[in-house]
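A.B. asks:
Numbering (this note's numbering), first residue to last: 3 to 211.
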């Protein structure tokens, strides 16, 4: 496992990557975004789709809770696969597992059936958001076991790395070592664009459709 922490600026004019798909028919990959509230899951989907970091006004908007589940599609072209017609379906669930009704518990067949990847997101300024990922991992595993035919794969993301907070590296390493299904770790910022180019490239090259 390699850890990518480069902070190259994320731009719309990022270099195009040759598509690994030669077929004409477009297909869809399903990606679940998991993690506690206020870590930037919805912002992550937005910046990946728009191909640019949040502007200064967007970056300071008050936190808006995802009430249940949001679905968003991102074209592979928007992530740099210039010749691909494929699509990523991003499943953004509420960040409060303790809600009376939660998509992962009550609509698990919809939220996790045949997912291709789970993005586990925590925030550089919130240690608790890292610690709570163990609960998220177990909840996803329980839901996924109900009928998905695809193997479970995780990528760990530390968002808001621009804040320069001293996150305990030992705790991050402990999570990476304890969960063998975590294939990659990125440090990103939806505000500055740090790490998003690397994440986009990894998704195109490693999430088969």
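Beta carbons are placed, not taken as given, at the ideal position from N, Cα and C, and that holds for glycine. Keep in mind the model is a prediction, meaning the values are calculated, not measured.
#1: Grouping DSSP H, G and I as helix and E and B as strand, with all else coil, what is residue 31?
#2: What whole-angstrom Cβ distance do residue 43 and residue 120 have, given they're in contact under 8 Å?
#3: What residue range does the alpha helix (DSSP H) around residue 46 cover?
#4: Please report the residue range of the alpha helix (DSSP H) in which residue 180 lies.
#5: Do residue 126 and residue 165 have their beta-carbon atoms positioned less than 8 Å apart in this structure?
#6: Between 74, 151, 180, which lies nearest to residue 158 when the distance is taken from Cα to Cα?
#7: Using a 10 Å radius around the Cβ and a threshold of 16 neighbouring Cβ atoms, would you call residue 48 buried or exposed?
#8: Where do the ends of the alpha helix (DSSP H) carrying residue 208 lie?
#9: Is the distance from the Cβ of residue 242 to the Cβ of residue 193 below 8 Å?
#10: Check residue 77 in the structure and name its three-state DSSP category.
#11: Does the Cβ-Cβ distance between residue 115 and residue 84 come in under 8 Å?
#12: Just verifying my parser: in three-state terms, what is the DSSP assignment at residue 117?
C.D. replies: Taking the definition as stated:
#1: The residue you call residue 31 lines up with position 29 of the chain shown. Three-state DSSP puts residue 31 in a strand.
#2: On the chain shown, residue 43 is found 41 positions in, with the first residue counted as 1. On the chain shown, residue 120 is found 118 positions in, with the first residue counted as 1. With a Cβ gap of about 12 Å, residue 43 and residue 120 do not count as contacting.
#3: Within the chain shown, the letter at position 44 stands for residue 46. Segment 43 to 52, the alpha helix (DSSP H) holding residue 46.
#4: Here the question's residue 180 lines up with position 178 in the chain shown. Taken as a continuous stretch (DSSP letters only), the alpha helix (DSSP H) holding residue 180 covers 171 to 180.
#5: Along the chain shown, read from residue 1 onward, the residue named residue 165 stands at position 163. Along the chain shown, read from residue 1 onward, the residue named residue 126 stands at position 124. Taking 8 Å as the Cβ cut-off, residue 165 and residue 126 qualify as a contacting pair.
#6: In the chain shown, counting from the first residue as 1, residue 158 sits at position 156. When only C-alpha atoms are compared, the closest one is 180.
#7: Working through the chain shown from its first residue, we reach residue 48 at position 46. Answer is buried; the Cβ neighbour count reaches 16.
#8: Position 206 of the chain shown holds residue 208. Following the DSSP letters along the chain, one finds residue 208 inside the alpha helix (DSSP H) bounded by residues 198 to 208.
#9: Residue 242 lies beyond the range of the chain shown here (3 to 211); nothing can be said about it.
#10: For the purposes of this step, residue 77 is taken as the residue at position 75 of the chain shown. The three-state reading of DSSP puts residue 77 in strand, counting E and B together.
#11: Numbered from its first residue, the chain shown carries residue 115 at position 113. Numbered from its first residue, the chain shown carries residue 84 at position 82. No, they are not a contact pair.
#12: To locate residue 117, count along the chain shown from 1; it is residue 115. Of the three classes helix, strand and coil, the one that applies to residue 117 here is coil, per DSSP.
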